[in-house]
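2 protein chains.
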Amino acid sequence: MSRPTIYDVARESGFSIKTVSRVINEAPNVRKETVDRVRAAIELLQYHPDPAAQRLGGGKLPTIGVLVDSIDDPFFAQVVAVIEARAMDVGMDVLVASTGMDETRMRMQIQRLARRGVAGLVVAPFGDPGTVAAALPDDVPVVVVDRKCGVTDKDVVRVTDEQGATDAVRHLVARGHRRIGFLGKTSAFNTLQDRYTGYEKALAEAGIEVDARLVETRAWTADEAYPYALAMLATADAPTAVFAASPMMGLGVLRAQQRLHRQDVALVIFGDYPVAELMTPPTTVIDQRPTALADTAFDLLARRIQDPGAEVLDTVLPTLLVPRGSGELAPRAES
Amino acid sequence: MSRPTIYDVARESGFSIKTVSRVINEAPNVRKETVDRVRAAIELLQYHPDPAAQRLGGGKLPTIGVLVDSIDDPFFAQVVAVIEARAMDVGMDVLVASTGMDETRMRMQIQRLARRGVAGLVVAPFGDPGTVAAALPDDVPVVVVDRKCGVTDKDVVRVTDEQGATDAVRHLVARGHRRIGFLGKTSAFNTLQDRYTGYEKALAEAGIEVDARLVETRAWTADEAYPYALAMLATADAPTAVFAASPMMGLGVLRAQQRLHRQDVALVIFGDYPVAELMTPPTTVIDQRPTALADTAFDLLARRIQDPGAEVLDTVLPTLLVPRGSGELAPRAES
DNA sequence: CGGGGTGTTGACAGCGCTGTCATACCGCCA
DNA sequence: TGGCGGTATGACAGCGCTGTCAACACCCCG
Chain A
1 MSRPTIYDVA RESGFSIKTV SRVINEAPNV RKETVDRVRA AIELLQYHPD
51 PAAQRLGGGK LPTIGVLVDS IDDPFFAQVV AVIEARAMDV GMDVLVASTG
101 MDETRMRMQI QRLARRGVAG LVVAPFGDPG TVAAALPDDV PVVVVDRKCG
151 VTDKDVVRVT DEQGATDAVR HLVARGHRRI GFLGKTSAFN TLQDRYTGYE
201 KALAEAGIEV DARLVETRAW TADEAYPYAL AMLATADAPT AVFAASPMMG
251 LGVLRAQQRL HRQDVALVIF GDYPVAELMT PPTTVIDQRP TALADTAFDL
301 LARRIQDPGA EVLDTVLPTL LVPRGSGELA PRAES
Chain B
1 MSRPTIYDVA RESGFSIKTV SRVINEAPNV RKETVDRVRA AIELLQYHPD
51 PAAQRLGGGK LPTIGVLVDS IDDPFFAQVV AVIEARAMDV GMDVLVASTG
101 MDETRMRMQI QRLARRGVAG LVVAPFGDPG TVAAALPDDV PVVVVDRKCG
151 VTDKDVVRVT DEQGATDAVR HLVARGHRRI GFLGKTSAFN TLQDRYTGYE
201 KALAEAGIEV DARLVETRAW TADEAYPYAL AMLATADAPT AVFAASPMMG
251 LGVLRAQQRL HRQDVALVIF GDYPVAELMT PPTTVIDQRP TALADTAFDL
301 LARRIQDPGA EVLDTVLPTL LVPRGSGELA PRAES
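First to last, the sequence lines map onto chains A and B.
Counting from 1, one number per residue, gives the positions in the first sequence under full-length UniProt numbering.
Counting from 1, one number per residue, gives the positions in the second sequence under full-length UniProt numbering.
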């Protein structure tokens, strides 16, 4: 009364296990009638191949691994959700793992997933190019998402970080802002570095000089960003607008604004977040469109699994400025 | 130059593969010196057992499956994150799957995970007791989270839905509210039903009669809740406070409040959500403490995997009222 | 009518483990 | 001294698949 095996299907259908195997894997050169008979037996017995056995017998696990910073980060949660949905459509399972932003752990998790025999891996890496390149396996298809980290021999999907940041700051400049603050730990990721570059660029275009007092690059978490944001907003020559280079930075700013009752400071956050549209004022964001990112990542992975030799692609998706209110505030009248 | 197998370790250590297997599985009756020698060989060769082979050879996969409504729901994202972290600590992987609130899909996903040979399953089920009971496998350890759904033969972890709702409504009553609205599709889950019961109970305690015009039980998503909330808040005898029985309902109410500029209506939401503390006013919530839920779920699962015959536990965790502002608003003066 | 495809199927040997059972050895007691 | 029980180890047969290779049609063409 155990689960039926391929032998049961073979017996039921009157063919050999090999032919059943062929039908399961949609191999060529099987007569249509045979396929039908085997399919009928499979249906009758409610047979499903055992993934572990398939794996052991030479194939890969019908599974894809996803490794992200943290699963409950809304951005990555969406990425995982999309991958899971897409994987389900093609009958694959998804193994999730998180790095917790720890390099050793990242390497360990990648190894574990690879060892597991997954058919492919979606990874949001971090760290310097050397480390990342060493950590990514070469014998498993890998797609790198969100952060390039100097990877050149794998498919990459990411967004136009610099352009997005430029859009954000231009948007603020267009509203008349000249004193625009920046928050984001530029040393952490190349993405953040790029966003800073975009910030600089937009200012330069407008003939505005970067004021070091308005640039804060030390904070990484929202908790760290908060005091800096507080300090920046509390000074006499506070910025009239702030560009937060990540949602975490954004939260830090929002907390500071709430604390100081300074909702009149314009704000654009790089990266959308839940209920941003319900804030007072609703938050203008640069949407990274995580679902598009994940969709593309899945497509690329599927492509590479199917054709390991395909040309390596570095896909850069556009971001989307979503004006909701906070980014459209005019500079408050100088007191 | 492929991955080392148990044979390589056997050769390297000078013992048979069986003894190596014993060491890997920490089986009894192996001389300490042997263990050390084998361990050294394992270390030297950087050997890691192949999970698929372990599975096929009689064991279970060192993997636990998690099935939730949706992976990017903040509540479930946290649950998944905690399970993943705990699993990693004990060297297990996590397969995620989502039901998308579809019964057929739920059943399918459960079967897939079970077939996969996972060591255990954490499931947030839904649907009537019969369906759920039929969908849950008996040959794999299962822990049911968040919603009991009439399950009696599996371990369950959930929160005090009725008590939490009562707390919320009492809290509002204590502020002087008498006209308190309710939003939540009571027919969807027993959890929501319980929350409604809690609502009724708190009103009864205060000698307040339930006003059918203030009770809306048809909406399930935030989009559905929005028009109802709008209607409820726009009437002449609008409630002075609202209890939203789920975060989604809460979002509907918040949108309606924003639209109508009625931030003066008190609000308590069952279930915390990101940045609730940054809203205007900050949202008072009944925290379901998803991390505690997930921790307990993991503990229960580990216990059952280790001892399949253990007594079945129905664990009910307390919720936590988190006052942040919206729930402490006094009834506005009647116009 | 024979040779060389092409299409269709099956026998069988693994894949890397674990379970079962056998073996070898030790110390102990009668 | 023989026999018994316990400890430590190994031989070997699977687990449920897939890959390889062989077998056996059958067809077309010269």
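All C-beta atoms in this analysis are idealised placements derived from N, C-alpha and C, irrespective of residue type, glycine included.
**Message:** Would you say the beta carbon of Gly-117 (chain A) is closer than 7 Å to some non-hydrogen atom of the ligand NAP?
**Reply:** The ligand NAP is absent from the structure shown, which contains no ligands of any kind.
**Prompt:** With distances taken from CA atoms, which of B:Pro-323, B:Val-30 and B:Arg-289 is nearest Pro-281 (chain B)?
**Reply:** In the second sequence, residue 281 (chain B) corresponds to position 281, counting from 1. Minimum Cα distance to Pro-281 (chain B) is reached at B:Pro-323.
**Request:** State the beta-bridge partners of Ser-98 (chain B) as determined by DSSP.
**Result:** Here residue 98 (chain B) corresponds to residue number 98 of the second sequence, with the count starting at 1. Its beta-bridge partners are B:Val-68.
**Prompt:** Can you list the residues of chain A that Gly-117 (chain B) reaches, using a CB-CB cut of under 7 Å?
**Reply:** Taking the first residue of the second sequence as 1, we reach residue 117 (chain B) at position 117. Correct list: Ala-52.
**Prompt:** CB-CB under 6 Å to Arg-170 (chain B), same chain, minus the five flanking residues each way: which ones, in chain order?
**Reply:** Within the second sequence, numbered from 1, the residue matching residue 170 (chain B) stands at position 170. Contacts found: Ala-202.
**Request:** Confirm, please, whether the CB-CB distance from Val-132 (chain A) to Val-143 (chain A) is below 8 Å.
**Result:** To locate residue 143 (chain A), count along the first sequence from 1; it is residue 143. To locate residue 132 (chain A), count along the first sequence from 1; it is residue 132. Not in contact: Val-143 (chain A) and Val-132 (chain A) (Cβ atoms no closer than 8 Å).
**Asked** Which first and last residues belong to the alpha helix (DSSP H) in which Leu-293 (chain B) is found?
**Response** Along the second sequence, read from residue 1 onward, the residue named residue 293 (chain B) stands at position 293. 290 to 306 is the extent of the alpha helix (DSSP H) around Leu-293 (chain B).
**Request:** Give the range of the alpha helix (DSSP H) segment to which Thr-104 (chain B) is assigned.
**Result:** Counted from its first residue, the second sequence places residue 104 (chain B) at position 104. Where Thr-104 (chain B) is concerned, the enclosing alpha helix (DSSP H) stretches over 103 to 115.
**Residues, ordered as in the chain, of the stretch 78 to 89 of chain B that lie near chain A by beta-carbon distance below 8 Å** = Gln-78, Val-80, Ala-81, Glu-84, Ala-85 and Met-88
**Asked** By the 10 Å Cβ neighbour count, where 16 or more other Cβ atoms means buried, how is Tyr-7 (chain A) classified, buried or exposed?
**Response** To locate residue 7 (chain A), count along the first sequence from 1; it is residue 7. The residue is exposed, with fewer than 16 neighbouring Cβ atoms inside 10 Å.
**Prompt:** Can you name the residues of chain B whose CB is closer than 8 Å to the CB of Leu-278 (chain A)?
**Reply:** Position 278 of the first sequence holds residue 278 (chain A). The contacting residues are Leu-251, Leu-254, Arg-255, Gln-258 and Met-279.
**Item:** Residues of its chain near Pro-141 (chain A), where Cβ-Cβ distance is below 8 Å and the 5 sequence neighbours each way are ignored
**Value:** Against the first sequence, residue 141 (chain A) aligns to sequence position 141. Only Ala-119, Gly-120, Leu-121, Leu-301, Arg-304, Ile-305 and Pro-308 meet the Cβ criterion.
**Message:** Can you tell me whether Val-79 (chain B) is buried or exposed? The criterion is at least 16 other CB atoms within 10 Å of its CB, across all chains shown.
**Reply:** Along the second sequence, read from residue 1 onward, the residue named residue 79 (chain B) stands at position 79. Label assigned to Val-79 (chain B): buried.
**Message:** I'd like to check one pair, Thr-319 (chain A) with Gly-164 (chain A): are the Cβ atoms closer than 8 Å?
**Reply:** Position 164 of the first sequence, counted from the first residue, corresponds to residue 164 (chain A). Position 319 of the first sequence, counted from the first residue, corresponds to residue 319 (chain A). Contact: yes.
**Prompt:** So does the stretch 79 to 91 of chain A actually touch the stretch 22 to 31 of chain B, counting three or more Cβ pairs closer than 8 Å?
**Reply:** no
**Message:** Can you check whether the C-beta of Val-94 (chain B) is within less than 8 Å of a C-beta belonging to chain A?
**Reply:** Sequence index remark: in the second sequence, residue 94 (chain B) carries index 94 (1-based). Yes, because at least one Cβ of chain A sits closer than 8 Å to the Cβ of Val-94 (chain B).
**Asked** So does the stretch 243 to 252 of chain B actually touch the stretch 219 to 228 of chain B, counting three or more Cβ pairs closer than 8 Å?
**Response** yes
**Request:** For residue 389 (chain A), go through chain B and note every residue whose CB falls closer than 7 Å to its CB, in chain order.
**Result:** Limits of chain A in this structure are 1 at one end and 335 at the other, which puts residue 389 (chain A) out of reach.
**Message:** My output table needs one value for Glu-216 (chain A): the three-state DSSP class, helix, strand or coil.
**Reply:** Numbered from its first residue, the first sequence carries residue 216 (chain A) at position 216. Here Glu-216 (chain A) sits in strand by DSSP.
**Message:** Below 8 Å on the Cβ atoms is my contact criterion, and I expect Ala-135 (chain B) with Phe-270 (chain B) to pass it. Report the Cβ-Cβ distance as a whole number of Å.
**Reply:** Here residue 135 (chain B) refers to the residue found at position 135 of the second sequence. Here residue 270 (chain B) refers to the residue found at position 270 of the second sequence. In fact, because the Cβ distance is near 26 Å, the residues do not count as touching under 8 Å.
**Message:** So if I threshold CB-CB distances at 8 Å, which residues from the stretch 53 to 64 of chain A count as touching chain B?
**Reply:** Ala-53, Arg-55, Leu-56, Leu-61 and Thr-63
**Prompt:** What is the DSSP secondary structure of Asp-89 (chain A), counted as helix, strand or coil?
**Reply:** Along the first sequence, read from residue 1 onward, the residue named residue 89 (chain A) stands at position 89. Three-state DSSP puts Asp-89 (chain A) in a helix.
**Message:** Using only the alpha-carbon positions, how far apart do Arg-39 (chain B) and Arg-112 (chain A) sit?
**Reply:** Within the second sequence, the letter at position 39 stands for residue 39 (chain B). Within the first sequence, the letter at position 112 stands for residue 112 (chain A). Spanning the two alpha carbons is a distance of roughly 19 Å.
**Item:** Any 3 or more C-beta pairs closer than 8 Å across the stretch 186 to 201 of chain B and the stretch 239 to 246 of chain B
**Value:** yes
**Asked** Hey, quick one: how far does the beta strand (DSSP E) through Ala-266 (chain A) stretch, first residue to last?
**Response** To locate residue 266 (chain A), count along the first sequence from 1; it is residue 266. Looking at the DSSP string, the run of the beta strand (DSSP E) that includes Ala-266 (chain A) is 266 to 270.
**Prompt:** Can you find a CB in chain A that lies within less than 8 Å of the CB of Asp-72 (chain B)?
**Reply:** Your numbering for residue 72 (chain B) matches position 72 in the second sequence. So yes, Asp-72 (chain B) belongs to the interface.
**Asked** What is the DSSP secondary structure of Leu-183 (chain B), reduced to helix, strand or coil?
**Response** Reading the second sequence from its first residue, position 183 is the one you call residue 183 (chain B). Note: Leu-183 (chain B) maps to strand in three-state DSSP.
**Message:** Alpha carbons only, please: which of B:Pro-125, B:Glu-328, B:Tyr-228 and B:Asp-72 is nearest the one belonging to Phe-182 (chain B)?
**Reply:** Reading the second sequence from its first residue, position 182 is the one you call residue 182 (chain B). Considering only alpha carbons, the answer is B:Tyr-228.
**Asked** Leu-329 (chain A) and Asp-264 (chain A): beta carbons closer than 8 Å?
**Response** Taking the first residue of the first sequence as position 1, residue 329 (chain A) is located at position 329. Taking the first residue of the first sequence as position 1, residue 264 (chain A) is located at position 264. Yes, they are a contact pair.
**Request:** Closer than 7 Å by C-beta to Gly-206 (chain B): which residues in its own chain qualify, once you throw out the five before and the five after it? Chain order, please.
**Result:** Reading the second sequence from its first residue, position 206 is the one you call residue 206 (chain B). According to the sequence provided, residue 206 (chain B) is Ala. The question's Gly does not apply to it. Once the five neighbours on either side are set aside, the close Cβ partners of Ala-206 (chain B) are Val-173.
**Prompt:** What are the boundary residues of the alpha helix (DSSP H) that includes Leu-251 (chain A)?
**Reply:** Taking the first sequence and counting its residues from 1, the one referred to as residue 251 (chain A) is at position 251. From DSSP, the alpha helix (DSSP H) with Leu-251 (chain A) extends over 247 to 260.
**Message:** For chain A, check one thing: does any of its Cβ atoms lie closer than 8 Å to the Cβ of Arg-112 (chain B)?
**Reply:** The residue given as residue 112 (chain B) occupies position 112 in the second sequence. So, interface residue.
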